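Asks: Pasting in a structure now, in structure tokens, and then I'll have a few things to ask.
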Amino acid sequence: MQFNDLPVTGPWGERHLLGLETLSRDQLTTILDLADYLREQTENGTRRLELLRGLVVANLFFENSTRTRTSFSLAARRLGADTVDFTASSSSLSKGETFIDTARTIEAMGVDMVICRHRTPGAPHLLAEHLTSCVLNAGDGTHEHPTQGLLDIFTIRRHLGRIEGLTVALVGDIRHSRVARSNIHGLLKLGARVIVCGPSTLIPANISRLGVEVAWDFDAILPEVDCVNLLRVQFERQRGAFFPSIAEYASLFGMNGKRIRRAKKDLLVLAPGPINRGVELTPEVADGPHSVILDQVTNGLLIRMACLSLLARERTATQAGIS
Ligand code: NCD
Numbered sequence: 036m037q038f039n040d041l042p043v044t045g046p047w048g049e050r051h052l053l054g055l056e057t058l059s060r061d062q063l064t065t066i067l068d069l070a071d072y073l074r075e076q077t078e079n080g081t082r083r084l085e086l087l088r089g090l091v092v093a094n095l096f097f098e099n100s101t102r103t104r105t106s107f108s109l110a111a112r113r114l115g116a117d118t119v120d121f122t123a124s125s126s127s128l129s130k131g132e133t134f135i136d137t138a139r140t141i142e143a144m145g146v147d148m149v150i151c152r153h154r155t156p157g158a159p160h161l162l163a164e165h166l167t168s169c170v171l172n173a174g175d176g177t178h179e180h181p182t183q184g185l186l187d188i189f190t191i192r193r194h195l196g197r198i199e200g201l202t203v204a205l206v207g208d209i210r211h212s213r214v215a216r217s218n219i220h221g222l223l224k225l226g227a228r229v230i231v232c233g234p235s236t237l238i239p240a241n242i243s244r245l246g247v248e249v250a251w252d253f254d255a256i257l258p259e260v261d262c263v264n265l266l267r268v269q270f271e272r273q274r275g276a277f278f279p280s281i282a283e284y285a286s287l288f289g290m291n292g293k294r295i296r297r298a299k300k301d302l303l304v305l306a307p308g309p310i311n312r313g314v315e316l317t318p319e320v321a322d323g324p325h326s327v328i329l330d331q332v333t334n335g336l337l338i339r340m341a342c343l344s345l346l347a348r349e350r351t352a353t354q355a356g357i358s
């Protein structure tokens, strides 16, 4: 299969994927539609396509990751690319090399696409300014995590058939969650109603300016909600205590069997993971019929294949235009 065979009819034109805030509704739809096409072509991501043959994709992870890193690696390999993995803790960063110098060194080995996770908001944007490779943001501090937002939205669209008109609740640590921000930008552009809910200390004061509704009482909004995305409390990004105890958090904002029985019959329960059983949700919910948590992981592979393909297609077209 060649890039020209891809059924991309909508707009793209981006060199990097840094966030969902700057993408249009049509660009978001282009990615979701391509992920659907790749699902059919690869039997849910299990079969290889050779779209990225000859390209090198580097994973530059300066923060821990299980699913995002594995998923990006596998997506790149399923598309025929070579991959290199870089882990900050075992690198020359510990010998004093700067972030940019480290990235330039990796790029000089013939890398075409860089996937970057960093605890500092804006780090992938900085790389995009200094590298000639395509840069994909795999999570920058509390800012954005675009492929997670896309895979959450893709999972909702696959299960409920649409995004427009749905009511989606993002529950938990909205203040420190990059997943919340990417979901908000993507869902609002695609026409969903978004409610953010959590302890008042974990909801930024001006968040409603983005176009979301704010709720502090999970039980009050629950009957109206079509999908709930349970966001982990980001203890590693917090300075100080934002609520009295985990037990109190779980009783007010955790998803449990009692709440499921009061919700819509076909409520969709999402969680980006890692999940903390007994905090954001009980095992009964995590493993129950409303949960689509493992579907999210499978869909993540397809979304990342779609994003890599679109960026590689753009890069190849630009290079052909230049030469
Ligand atoms: C999220 C992240 O790293 O932002 N995890 C992920 O990528 N699936 C959410 C989290 O860590 O809670």
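Heads up: the sequence shown is residues 36 to 358, going by the working numbering.
No residue lacks a Cβ here, since even glycine has one placed at the ideal position from N, Cα and C.
These numbers come from a predicted model, not from an experiment.
Could you check whether the stretch 62-70 touches the stretch 89-106, counting it as contact only if at least three pairs of C-beta atoms, one from each stretch, sit closer than 8 Å?
Replies: Short answer: they don't touch.
Asks: Look at the alpha carbon of Asp68 and the alpha carbon of Pro279, and state the distance between them as a whole number of angstroms.
Replies: Taking the sequence shown and counting its residues from 1, the one referred to as residue 68 is at position 33. Taking the sequence shown and counting its residues from 1, the one referred to as residue 279 is at position 244. Near 44 Å, if we compare the C-alpha coordinates of Pro279 and Asp68.
Asks: Assess, as a yes-or-no matter, whether the stretch 189-201 is touched by the stretch 155-171 under the definition of 3 or more beta carbon pairs within less than 8 Å.
Replies: With the cut-off at 8 Å, the stretch 155-171 and the stretch 189-201 do not touch.
Asks: Could you tell me whether the Cβ atoms of His165 and Ile198 are closer together than 7 Å?
Replies: Working through the sequence shown from its first residue, we reach residue 165 at position 130. Working through the sequence shown from its first residue, we reach residue 198 at position 163. No, they are not a contact pair.
Asks: In chain order, what are the residue ranges of uninterrupted alpha helix (DSSP H) at least 4 long that sit wholly in the stretch 220-260?
Replies: The stretch 220-260 contains these whole alpha helix (DSSP H) runs: 253-256.
Asks: For the 8 Å Cβ check, are there 3 or more pairs between the stretch 285-293 and the stretch 226-245?
Replies: Yes: at least three Cβ pairs fall under 8 Å.
Asks: Give me the Cα-Cα distance between Arg154 and Arg210, rounded to the nearest whole angstrom.
Replies: Here the question's residue 154 lines up with position 119 in the sequence shown. Here the question's residue 210 lines up with position 175 in the sequence shown. Cα to Cα, the separation comes out at about 15 Å.
Asks: Is Thr103 near the ligand NCD, with its Cβ less than 6 Å from a heavy atom?
Replies: By one-based count along the sequence shown, residue 103 stands at place 68. The answer is yes for Thr103.
Asks: Which residue spans inside the stretch 273-344 form an unbroken beta strand (DSSP E) run of at least 3?
Replies: Runs of the beta strand (DSSP E) inside the stretch 273-344: 303-305.
Asks: Going by the DSSP bridge assignment, what does Gly207 pair with across the sheet?
Replies: By one-based count along the sequence shown, residue 207 stands at place 172. According to DSSP, which records beta bridges pairwise, Gly207 is partnered with Leu266.
Asks: For the stretch 330-347 against the stretch 71-81, do three or more pairs of beta-carbon atoms, one drawn from each stretch, fall closer than 8 Å, so that the two count as touching?
Replies: Taking 8 Å as the limit for Cβ pairs, the verdict is that the stretch 71-81 does touch the stretch 330-347.
Asks: Quick check: is the beta carbon of Glu56 nearer than 7 Å to any beta carbon in chain C?
Replies: Protein chain content of the structure displayed is limited to a single chain, and chain C is not contained in it.
Asks: Check Phe121 in the structure and name its three-state DSSP category.
Replies: Taking the first residue of the sequence shown as position 1, residue 121 is located at position 86. Of the three classes helix, strand and coil, the one that applies to Phe121 here is strand, per DSSP.
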